[in-house]
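Throughout, the working numbering is defined as the position within the first sequence, counted from one, plus 90. Quick reminder that beta carbons are idealized off the backbone N, C-alpha and C, glycines included. Source: prediction; values computed, not measured. Take a look at the structure set out below.
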Amino acid sequence: MNPHRYQKAFAVADYDLAATLTSGQAFRWRFRDDAWESVVNSRWICLKQNRNQFFAQTLVQNDDWKWLADYLQLEIDLPKILSTFPDDEPMRAAVAACHGLRLLRQDPWECLASFILSSTKQIVQIQQIVTLLCERFGTTVAVPTGREPMFAFPTVEQIAQRTEADLRACKMGFRAPYLLGTARMIARGEVDLAKLHGSSVEDARAELLKFPGVGRKIADCVLLFAYGFQSAFPVDVWIMKALQQLYFPKRRAHLKRLQKFSQTHFGPNAGYAQQYLFHYMRMKMNEEPR
DNA sequence: TCAGACCCTCACAG
DNA sequence: ACTGTGAGGGTCT
91 MNPHRYQKAF
101 AVADYDLAAT
111 LTSGQAFRWR
121 FRDDAWESVV
131 NSRWICLKQN
141 RNQFFAQTLV
151 QNDDWKWLAD
161 YLQLEIDLPK
171 ILSTFPDDEP
181 MRAAVAACHG
191 LRLLRQDPWE
201 CLASFILSST
211 KQIVQIQQIV
221 TLLCERFGTT
231 VAVPTGREPM
241 FAFPTVEQIA
251 QRTEADLRAC
261 KMGFRAPYLL
271 GTARMIARGE
281 VDLAKLHGSS
291 VEDARAELLK
301 FPGVGRKIAD
311 CVLLFAYGFQ
321 SAFPVDVWIM
331 KALQQLYFPK
341 RRAHLKRLQK
351 FSQTHFGPNA
361 GYAQQYLFHY
371 MRMKMNEEPR
């Protein structure tokens, strides 16, 4: 009784699906049988890239595929964004090394919750925690016959109703009260995530900073990856290393100096530039550890 | 403004 | 095989 599959092909250019889905902005994509699988908007989704085409499959009838095009940001003009990057050597190297890297447009709650779980964690560990969280508290979604079950990301309510111990059992440690407190604030209506779409970046950031466990870095991740504020520039240890090495190789720059630099040097799409630097840095570290 | 603490897991020495 | 140690997309006090 294989559920019916709905398919669509998208024409794409300058899109490196693998780089995009593994670049640390989303944590639920897996490569399997030559395709990328995940759950987006509570739907099982399978994506395959073949040169300048994506083939997408779901099991739920889609009147249109706008939700997916939006998530993948298929409509944006990448060359135009790249043209706003500063014309310097580090940026040219990063762009050359990460051809087709994109920013996704994710669900704010899933993004916020995932990045609360990310603090002082490696990407594989974040994936592990998110997987456990979805398995235990998320709603089952339809999958192809014979597959292991998959789950939607737990809703605000599904998290808010748990206990701190329930969450700690997902290996998230001291982040458990942060996630729980955040879910409960949203459930009580103290902050409306949907409203932030119409806000200025400063107002939206101020709202996100009200949540426990959310500081400047995580707030900027959510502003960038979920709300599309492309000036947001999350500064983490990797970006610190990148800025230090690439822009201040001779002398040691102070944290404050680097943060200031990040907000002035990279232009209107600074967040996009950040993603290129981040990915470039991780690639370089993998090639030559230490 | 600034260390420490915070949970937990893995990789890597010894 | 086993224990010890350090560090990992930060934030809070």
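Among the residues of its own chain, which have a CB less than 6 angstroms from the CB of residue i, if the five just before and after it don't count?
| i | result |
| --- | --- |
| Ala363 | Phe175, Phe356 |
| Ala322 | Asp310, Leu313, Leu314, Gly361 |
| Gly114 | Ile213 |
| Arg380 | At Arg380, the pLDDT of 39 sits below 50, so the modelled position is not reliable and the matter cannot be decided from this model. |
| Phe319 | Val291, Leu313 |
| Thr229 | Ala242 |
| Trp155 | Lys98 |
| Asp178 | none |
| Gln147 | Arg95, Gln97, Cys136 |
| Leu73 | Residue 73 is absent from the structure shown; the chain starts at 91 and stops at 380. |
Which stretch, first to last residue, makes up the beta strand (DSSP E) that contains residue i?
| i | result |
| --- | --- |
| Ile135 | 133–140 |
Run through DSSP, which three-state label would residue i get?
| i | result |
| --- | --- |
| Phe301 | coil |
| Ser289 | coil |
| Ala101 | strand |
| Phe315 | helix |
| Pro169 | helix |
| Gln335 | helix |
| Pro180 | helix |
| Asp310 | helix |
| Asn376 | helix |
| Gly263 | helix |
| Ala296 | helix |
| Ala116 | coil |
| His41 | No information on residue 41 is available, as it lies outside the stretch 91 to 380 that the chain covers here. |
Tell me, to the nearest whole angstrom, how far the beta carbon of residue i is from that of residue j; I am working on the premise that it is less than 8 angstroms.
| i | j | result |
| --- | --- | --- |
| Gln163 | Arg182 | About 23 angstroms separates the two Cβ atoms, so there is no contact after all. |
| Glu292 | Val281 | With 8 angstroms as the limit, Glu292 and Val281 do not qualify as a contact, their Cβ atoms being about 15 angstroms apart. |
| Val231 | Arg118 | That pair is no contact at about 12 angstroms. |
| Ala277 | Ala250 | 4 angstroms |
| Leu367 | Ala332 | 5 angstroms |
| Trp126 | Leu107 | 6 angstroms |
| Ala187 | Tyr370 | 5 angstroms |
| Gln349 | Val325 | 6 angstroms |
| Gln151 | Tyr96 | 6 angstroms |
| Ala316 | Cys201 | 4 angstroms |
| Thr272 | Phe301 | 4 angstroms |
Could you pull the DSSP bridge partners for residue i from this structure?
| i | result |
| --- | --- |
| Ala125 | Arg122 |
| Tyr96 | Thr148 |
| Gln364 | Gln364 pairs with nothing; no bridge assigned. |
| Val389 | Lying outside 91 to 380, the shown extent of the chain, residue 389 is not represented and no answer is given. |
| Gln143 | Ala101, Asn140 |
| Val231 | Met240 |
Identify the continuous alpha helix (DSSP H) that holds residue i and give its terminal residues.
| i | result |
| --- | --- |
| Gln218 | 213–227 |
| Ala242 | Here Ala242 belongs to no alpha helix (DSSP H), and DSSP marks it neither H nor E. |
| Gly271 | 266–277 |
| Glu254 | 254–257 |
| Trp155 | Unbroken run through Trp155: none, as it is neither H nor E. |
| Phe205 | 198–206 |
| His355 | 345–355 |
| Thr110 | 107–111 |
Would you say the beta carbon of residue i is closer than 8 angstroms to some non-hydrogen atom of the ligand MG?
| i | result |
| --- | --- |
| Ile166 | As for the ligand MG, it is missing from this structure, which has no ligand bound. |
Within its chain, find whatever has a CB closer than 7 angstroms to the CB of residue i; leave out the 5 residues flanking it on each side and keep chain order.
| i | result |
| --- | --- |
| Ala101 | Asn142, Gln143 |
| Arg265 | Ile206, Leu207, Ser209, Gly303 |
Might you give, ordered along the chain, the residues of its own chain that have their beta carbon closer than 8 angstroms to the beta carbon of residue i, omitting 5 neighbours on each side?
| i | result |
| --- | --- |
| Tyr161 | Val130, Asn131, Leu194, Arg195, Gln196 |
| Ala159 | Phe100, Glu165 |
| Leu269 | Ala203, Ile206, Leu207, Ile249, Leu257, Met262, Gly303 |
| Leu299 | Gly305, Arg306, Ala309 |
| Leu345 | Met330 |
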